[in-house]
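Okay, so here's the structure we're looking at.
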Amino acid sequence: MATWGHLGFQDSASPLMEQLIFFHYHTMVVLILITTFVGYMMAAMFPNAFVSRFLLENQTIEVIWAILPAIILIFIALPSVRLLYLLDEVNNPSITLKTIGHQWYWGYEYSDFLQVEFDSYMTSSNEMDLPGFRLLDVDSRTVLPMNYTGPYVSNCSWCYSLLNCPALGVK
29 MATWGHLGFQ DSASPLMEQL IFFHYHTMVV LILITTFVGY MMAAMFPNAF VSRFLLENQT
89 IEVIWAILPA IILIFIALPS VRLLYLLDEV NNPSITLKTI GHQWYWGYEY SDFLQVEFDS
149 YMTSSNEMDL PGFRLLDVDS RTVLPMNYTG PYVSNCSWCY SLLNCPALGV K
């Protein structure tokens, strides 16, 4: 749950978000190791007044300097490519929901069913029922089936609207 002063991720609500969090931690460990190693080497070299000629002109150290970053990049890239394919995989989508953010309302389209489209406007305070949510309640809500697995398309017209659900890994 997101609270004030919380610097980490929210609890994940999907397996894909869990994998995104694991990849973030994996990449941060690699970056911290690189930063620590470079900082240690810089601190060890500053007090040394002598320069080794084998450190500056040696093919072995140049090969290590070229291959070690490539190995580190592969160590980061392989989980990244795996995660990219996991995020893009959709097995037999039942419904494709397209959401269009307008300036004062949202438009929804179920493009798989003969172009079913409707707009959703915010309910004014004087039209609301007693248990309604002020400034969140709308006149027509979108409906998705249980265990919905399918593509979700979100865009905007005329304004910059953003749908963000960090617990699901959706932005």
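In the numbering used here, the protein residues as written are 29 to 199.
The C-beta atom is built at its ideal place from N, Cα and C for all residues, glycine as well.
As the structure is a computational prediction, the values presented were derived from the model and not from experiment.
Assuming residue i contacts residue j (C-beta within less than 8 Å), just tell me the rounded distance between them.
i: LEU111; j: LEU158; result: Not really, about 46 Å apart at Cβ, beyond 8 Å.
i: THR124; j: ASP140; result: 5 Å
i: THR170; j: TYR136; result: 5 Å
Specify the secondary structure class of residue i as computed by DSSP and reduced to three states.
i: GLY67; result: helix
i: VAL171; result: coil
i: THR55; result: helix
Which residues does DSSP list as the beta-bridge partners of residue i?
i: SER182; result: THR127
i: TRP134; result: GLY129, SER148
i: VAL166; result: MET150
i: VAL198; result: CYS193
Alpha helix (DSSP H) containing residue i: first to last residue?
i: GLN87; result: 87-116
Residue i CB to nearest chain D CB: under 9 Å?
i: GLU155; result: Although the question refers to chain D, the structure presented lacks it and comprises just one protein chain.
Can you tell which of the options has its C-alpha closest to the C-alpha of residue i?
i: CYS184; options: PRO194, GLN131, PHE146, GLY160; result: GLN131
i: PRO97; options: ALA77, LEU114, PHE161, THR63; result: THR63
i: LEU61; options: ILE104, VAL166, THR151; result: ILE104
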